RNA sequence: GGCAGGUUGCCCGAGUGGCCAAAGGGAGCUGACUGUAAAUCAGCCGCGCAAGCUACGGGAGUUCGAAUCUCUCACCUGCCA
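Numbering (this note's numbering), first residue to last: 846 to 1248.
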């Protein structure tokens, strides 16, 4: 479906029946042979199509850090994901609404996503980022805070109270508020407000949290419908529900069934994902979700994770890792990730990765990158990010072509 | 020429009798980073596997014990001639 068609179709979604509310914005184009879940497709948005599987670059504060939008386009990024919490604090959703929405504001003409602020419930709250997708731990507690950090978010059944990390001011997010902000930001694909737990939480906390997220999902759908009708002149924004449930099969399957019936346009899979169980957890969820809806894996993109995710039916995913890691001097190559700051690259005139077609590899050596990082030159972040983003985009392109 | 101050590990710099192989930075080395409180964070950082050795400008002393006190030499920095 082309963009104008989809906008025209928007009116069709204003019917009152929840089940008919969602868009028909996704079409499957191929399946991974001998595999029930893996597939390719096209996800249509008012700002263009996304060929899936696709890596969605993260630009939290309406910028992929250190890189121009033009460079992102050039390296093949299909869409960008920003963050409602961060843009709410700065510069404020009213401003972005006024100037014509996120894409226009940041000069990105392609598709855009916004995350709901749900991630910040965890990252500013319990704050143990380490248990997101990495090593599990046997310690279980419901109120652990990373050492040396002050808790900035408190959850209750109605919503979350945040203390701004910028100036300490208090803010309140509810499912409705998140929807309102995301409608003002105007991204093509927005996410339901959810609570992100960690692997540290107890089973009983996971259960009550999941129920909270389910009720929030219902409220998000209702508020999204209301706002969509009010703002019927705008391009339709697709709403994705977020499946939580941590490492528990019954909770994951139940969440997928529950949200699968709520009339979302697509789904995000989020929360505590033990790296070793990533494929299994994604499979549980995708076996339950409606097949004709896009599935986004939130916050995952290490190369090995990408293969597993796509095999198990993921269509899109986003991740800060390629850009964050790049800014810290870690670069992807065919032989794995390495730190260019290591002294052994001081005189290495080879490009970062053999067989990479990115701007950085075409023009610069490891030795030069090593120097730029050592000298703390800003361009180091730019060149390294361009490479890592291209590396992941190309990897996913290659996977898509092979399906 | 006189008076005063100074010389500490790769660099800057704290330390003025034992708790000093010597604070803290920086540099160097390594690691981490998965819906971004991140151009961030963490560890190592005289030699030796160790017992131990060598170290606070050089040398000589005082003391059970000196980076710390005394003498002397060298160099540096102020101010006065």
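Even for Gly, the Cβ is constructed at its ideal location relative to N, Cα and C. Predicted model, so just to flag it, every value in this text is computed and none were measured.
Only residues of its own chain outside the window of five on either side were considered, and among them 1020, 1021, 1024 and 1025 have a CB closer than 8 Å to the CB of residue 1068, listed in chain order. Taking the C-beta atoms as reference points, residue 1102 is found no nearer than 9 Å to residue 1058. Looking at 1091, 1004 and 967, the one whose alpha-carbon comes closest to that of residue 1047 is 1091.
In this structure, the alpha-carbon of residue 1238 lies about 7 Å from that of residue 899. For residue 1016, the enclosing beta strand (DSSP E) covers residues 1015-1018. Shown here for residue 1204: same chain residues with a beta carbon closer than 6 Å to its own, the five before and five after excluded, namely 1231 in chain order. Rounded to whole angstroms, the separation of the alpha carbons of residue 914 and residue 1104 is 34 Å.
Two segments are said to touch when three or more pairs of C-beta atoms, one from each, lie closer than 8 Å; by this definition the segment 874-883 touches the segment 1147-1162.
Between the alpha carbons of residue 1149 and residue 1217 lies a gap of roughly 29 Å.
In this structure, the CA atom of residue 1110 is about 30 Å from the CA atom of residue 1169. Of all alpha-carbon atoms in 937, 1165 and 1236, the one lying nearest the alpha-carbon of residue 1030 is that of 937. With fewer than 16 neighbouring CB atoms inside 10 Å of its own CB, residue 939 falls in the exposed class. For residue 872, the enclosing beta strand (DSSP E) begins and ends at 871-876. In chain order, 863, 1062, 1063, 1066 and 1086 place their CB closer than 8 Å to the CB of residue 1107, counting only its own chain and leaving out the 5 sequence neighbours on each side. The three-state secondary structure of residue 1215, taken from DSSP, is helix. Counted as a single uninterrupted DSSP element, the beta strand (DSSP E) harbouring residue 1177 occupies residues 1175-1178. DSSP, read as helix, strand or coil, puts residue 902 in strand. As the crow flies, the alpha-carbon of residue 1198 is around 13 Å from that of residue 1190. Per DSSP, the beta-bridge partners of residue 895 are 888. Fully contained in the segment 1088-1132 are the following beta strand (DSSP E) runs of length 3 or more, in chain order: 1111-1114. As for any beta strand (DSSP E) of minimum length 3 sitting wholly inside the segment 1133-1189, the runs are 1140-1142, 1161-1164, 1175-1178 and 1181-1184, ordered along the chain. Separation of residue 1095 and residue 1130 (C-alpha to C-alpha, rounded to the nearest whole angstrom) is 10 Å.
Inclusion of residue 886 and residue 955 in the CB contact set at 9 Å is not warranted, their separation being larger than that value. Only exposed fits residue 1060, as fewer than 16 other CB atoms lie within 10 angstroms of its CB.
In terms of CA proximity to residue 996, 970 leads the group 1012, 1124, 1004 and 970. Note on geometry: alpha-carbon atoms of residue 919 and residue 1220 lie some 27 Å from one another. In the DSSP assignment, residue 1236 falls within the alpha helix (DSSP H) that extends over 1224-1247.
Inter-residue distance for residue 948 and residue 1215 is about 34 Å (C-alpha atoms, whole angstroms). In this structure, residue 1034 lies near residue 1082, with their beta-carbon atoms less than 9 Å apart. A direct Cα-to-Cα measurement between residue 897 and residue 888 gives close to 7 Å. Excluding five sequence positions before and after residue 912, the CB atoms of its chain that fall closer than 8 Å to its own CB belong to 1168, 1227, 1230, 1231 and 1234, given in chain order. Residue 873 and residue 1137 have their C-alpha atoms roughly 7 Å apart. Residue 1174 holds the alpha-carbon nearest to the alpha-carbon of residue 1222 among 1174, 924 and 909. In this structure, residue 1055 lies near residue 1100, with their beta-carbon atoms less than 9 Å apart. The C-beta distance from residue 1185 to residue 1154 rounds to 27 Å, too long to meet the 8 Å contact threshold. Assignment of residue 1197 by DSSP, reduced to helix, strand and coil, places it in the coil class.
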